[in-house]
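First comes the structure, then the notes that go with it.
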Amino acid sequence: MFFTFMRGVVRVVLFIINGNAHYEKKDRIPQNENYILVAPHRTWWEPLYLAVGGSPKKFSFMAKKELFKNGILSFILRHANAFPVDRDKPGPSAIKTPVKSLKSTDLSLIMFPSGTRHSSELKGGVALIAKMAKVKIVPAVYQGPLTLKDLFKRRRVTVRFGEPIDISDVPKMDKEGIAEVERRMQNAFDSLDKEIDPNFKYEIKE
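So the sequence shown is numbered by our numbering: it starts at 50 and just counts up by one.
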């Protein structure tokens, strides 16, 4: 209930701030199964657009452990299905917690394979979690304002969803297996970006 309530609040806030969001190819999203929704990490508000765009599906997501030090923020995050992860030393729980959630709840998972907005290098966590939980990976991309100032100018936001990536044919998640999953995700991101804008180029805004 809390997640649904918070998503409703976020939807209204995003509409007030920007009011120019377009969610494309939602029909590609699986309806009756859990999955991992992945995207290149380009803004700090991008997860909000993904969660809204993926409605009515509910999601869990990872958040850096430092955010849980604030009591009020920790309460909100935990009730919004977030769980803490140590980015510097991600222990076994960083894999086990989302795998258990994907298997035993109705929550899908939002992840950013690159980890941060300042990296385009994909990490292996998504591949391992998807393989262990036996779920598909749904790629998506965000194109739109990269600064709050531009967001408030009501410039167009586009979130486009891709075809689910089935990795059941990848025999094991060794170095080669993880590399293959990362290749499929990156190809999907590149294809989605070109579908929206053939001339798109992501430039990090400080």
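Backbone N, C-alpha and C define an ideal beta-carbon position, used for all residues, glycine too.
Checklist entry - In three-state DSSP terms, what is A228? => result Stepping through the sequence shown from its first residue, residue 228 is reached at position 179. In the structure shown, A228 sits in a helix (DSSP, three-state: H, G or I).
Checklist entry - With a Cβ-Cβ cutoff of 7 Å, do L156 and P147 count as a contact? => result In the sequence shown, counting from the first residue as 1, residue 156 sits at position 107. In the sequence shown, counting from the first residue as 1, residue 147 sits at position 98. The answer is no: Cβ separation not under 7 Å.
Next on the checklist: Alpha carbons only, please: which of R204, V184, F64 and A237 is nearest the one belonging to I216?
Outcome noted: As a working note, residue 216 is residue 167 in the sequence shown. The residue with the shortest Cα to Cα distance from I216 is V184.
Checklist entry - What are the start and end residues of each continuous beta strand (DSSP E) run of 3 or more residues lying completely inside the stretch 71-151, in chain order? => result 84-87, 108-113 and 131-134
Item to check | Residues near A237 in its chain [Cβ-Cβ closer than 8 Å; skip 5 each side] | outcome: In the sequence shown, residue 237 corresponds to position 188, counting from 1. Here the set comprises P188, G211, E212 and I214.
Checklist entry - So what's S157 in DSSP terms, helix, strand or just coil? => result Counting from one through the sequence shown, the residue named residue 157 turns up at place 108. In the structure shown, S157 sits in a strand (DSSP, three-state: E or B).
Checklist entry - On the premise that V190 lies in contact with D242, defined as a C-beta separation below 8 Å, what is that separation, rounded to the nearest angstrom? => result Against the sequence shown, residue 242 aligns to sequence position 193. Against the sequence shown, residue 190 aligns to sequence position 141. Rounded, the Cβ-Cβ distance is 5 Å, consistent with contact.
Checklist entry - By Cβ distance below 6 Å, which residues in the same chain neighbour M222 in space, the five residues on each side in sequence not counted? => result One-based indexing of the sequence shown puts residue 222 at position 173. Hits under 6 Å: A176, L177 and K180.
Checklist entry - Where does F52 fall in DSSP's three states? => result Translated into the one-based positions of the sequence shown, residue 52 becomes position 3. Here F52 sits in helix by DSSP.
Checklist entry - With L151 and A182 assumed to form a contact (beta carbons below 8 Å), what rounded beta-carbon distance in angstroms separates them? => result By one-based count along the sequence shown, residue 151 stands at place 102. By one-based count along the sequence shown, residue 182 stands at place 133. At roughly 4 Å, the Cβ-Cβ gap stays under 8 Å, so L151 and A182 are in contact.
Next on the checklist: I'd like to confirm the pairing. Which residues does DSSP put opposite Q192 in its beta bridges?
Outcome noted: Within the sequence shown, the letter at position 143 stands for residue 192. For Q192, which the question treats as bridged, DSSP gives the partners T207.
Item to check | Backbone secondary structure at K185 - three-state DSSP | outcome: The residue given as residue 185 occupies position 136 in the sequence shown. K185 falls in the strand class under three-state DSSP.
Checklist entry - Does DSSP put I214 in a helix, a strand or coil? => result Translated into the one-based positions of the sequence shown, residue 214 becomes position 165. In the structure shown, I214 sits in a strand (DSSP, three-state: E or B).
Checklist entry - For the alpha helix (DSSP H) that contains D199, what are its first and last residues? => result For this step, residue 199 is matched to residue 150 along the sequence shown. From DSSP, the alpha helix (DSSP H) with D199 extends over L197 to F201.
Checklist entry - Quick one, which of Q235, V101 and P79 has its alpha-carbon nearest V62's? => result Here residue 62 corresponds to residue number 13 of the sequence shown, with the count starting at 1. The residue with the shortest Cα to Cα distance from V62 is V101.
Next on the checklist: Does M222 come out as helix, strand or coil in the three-state DSSP assignment?
Outcome noted: Within the sequence shown, numbered from 1, the residue matching residue 222 stands at position 173. Here M222 sits in coil by DSSP.
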